[in-house]
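Colleague:
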Amino acid sequence: MSTRVYIGLGSNLADPDGQLRSALSALDQLAQTAVAAVSAFYASDSLLPGQPRYTNAVAALDTELQPLALLDALQALENDHGRVRAERWGPRTLDLDILLFGDHLIDSPRLQVPHPQMHLRAFVLYPLAELLPTEHCLPDGQLLAERLAACPFVGLERL
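Quick note: the sequence shown uses my numbering, first residue 1104, plus one each step.
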């Protein structure tokens, strides 16, 4: 039985648009997983000053993988794309975050779902809203529309 999962994608190094396109292709090749839909790409400001702008998107996947197996696969894809974890929120070739995993609430040392910062990030919420109705109730009980209303479309550019 597959689960609908939403993945946030981001890159601000080494051809960010190309990194996201390559990652989407790789996601579609994961075992027991298929890409069901992809948002538009967005340019966003970095969380830290002085970094290049990011290209972001959200992908909907249908997967039979368990949450930690999917996390391992995503981290392997990041590494395959040259990801270096030198500083928190530092520049990166590829960032893949599990935003939602069905309607599951997950709180483990390695994985928190819904993603604990997504409600603060317009570059996640607006692409997500292209794939989910705004009346969708998130696993934490909040409506996507409420999250969008509290997180203005600032610093974003739809590409």
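Note that CB positions come from ideal geometry on N, CA and C, so glycine has one too.
Because the structure is a prediction, the values reported are computed rather than measured.
#1: Looking only at its own chain, which residues have a Cβ that is under 8 Å from the Cβ of Tyr1145, when we skip the five neighbours before and after it?
#2: Flag this pair as yes or no: are the beta carbons of Val1216 and Leu1208 separated by less than 8 Å?
#3: Mind checking whether Leu1202 and Gly1113 have CB atoms under 8 Å apart?
#4: Counting only runs that start and end within the segment 1163-1202, where is the alpha helix (DSSP H) found for 4 or more residues in a row?
#5: Looking only at DSSP bridge pairs, what is Ala1146 linked to?
#6: Mind checking whether Leu1214 and Thr1237 have CB atoms under 8 Å apart?
#7: Quick check on Ser1329: does DSSP put it in helix, strand or coil?
#8: Go to Ala1139, then tell me how far its beta strand (DSSP E) extends in each direction, as first and last residue.
#9: Using a Cβ-Cβ cutoff of less than 7 Å, which residues in the same chain neighbour Arg1156 once the five nearest sequence positions on both sides are dropped?
Modeller: According to the structure data:
#1: As a working note, residue 1145 is residue 42 in the sequence shown. The answer, listed in chain order, is Thr1158, Asn1159, Ala1160, Phe1226, Tyr1229, Pro1230, Leu1259, Glu1260, Arg1261, Leu1262.
#2: Residue numbering aside, residue 1216 sits at position 113 when the sequence shown is read from its first letter. Residue numbering aside, residue 1208 sits at position 105 when the sequence shown is read from its first letter. In this structure, Val1216 lies near Leu1208, with their beta-carbon atoms less than 8 Å apart.
#3: Translated into positions along the sequence shown, residue 1202 becomes position 99. Translated into positions along the sequence shown, residue 1113 becomes position 10. Cβ distance not < 8 Å, so Leu1202 and Gly1113 don't count as in contact.
#4: For the segment 1163-1202, whole alpha helix (DSSP H) runs of length 4 or above, ordered along the chain, are 1170-1183.
#5: Within the sequence shown, residue 1146 is the residue found at index 43, counting from 1. Answer is Thr1158, Glu1260.
#6: Along the sequence shown, read from residue 1 onward, the residue named residue 1214 stands at position 111. Along the sequence shown, read from residue 1 onward, the residue named residue 1237 stands at position 134. Going by C-beta atoms, Leu1214 is not nearer than 8 Å to Thr1237.
#7: Outside the shown range of the chain (1104 to 1262) lies residue 1329, about which nothing can therefore be said.
#8: Here residue 1139 refers to the residue found at position 36 of the sequence shown. Start and end: 1136-1141.
#9: The sequence position of residue 1156 within the sequence shown is 53, counting from 1. Non-local beta-carbon contacts of Arg1156 in its own chain, meaning distances under 7 Å to residues more than five positions away in sequence, involve Asn1115, Ala1146, Ser1147, Asp1148, Ser1149 in chain order.
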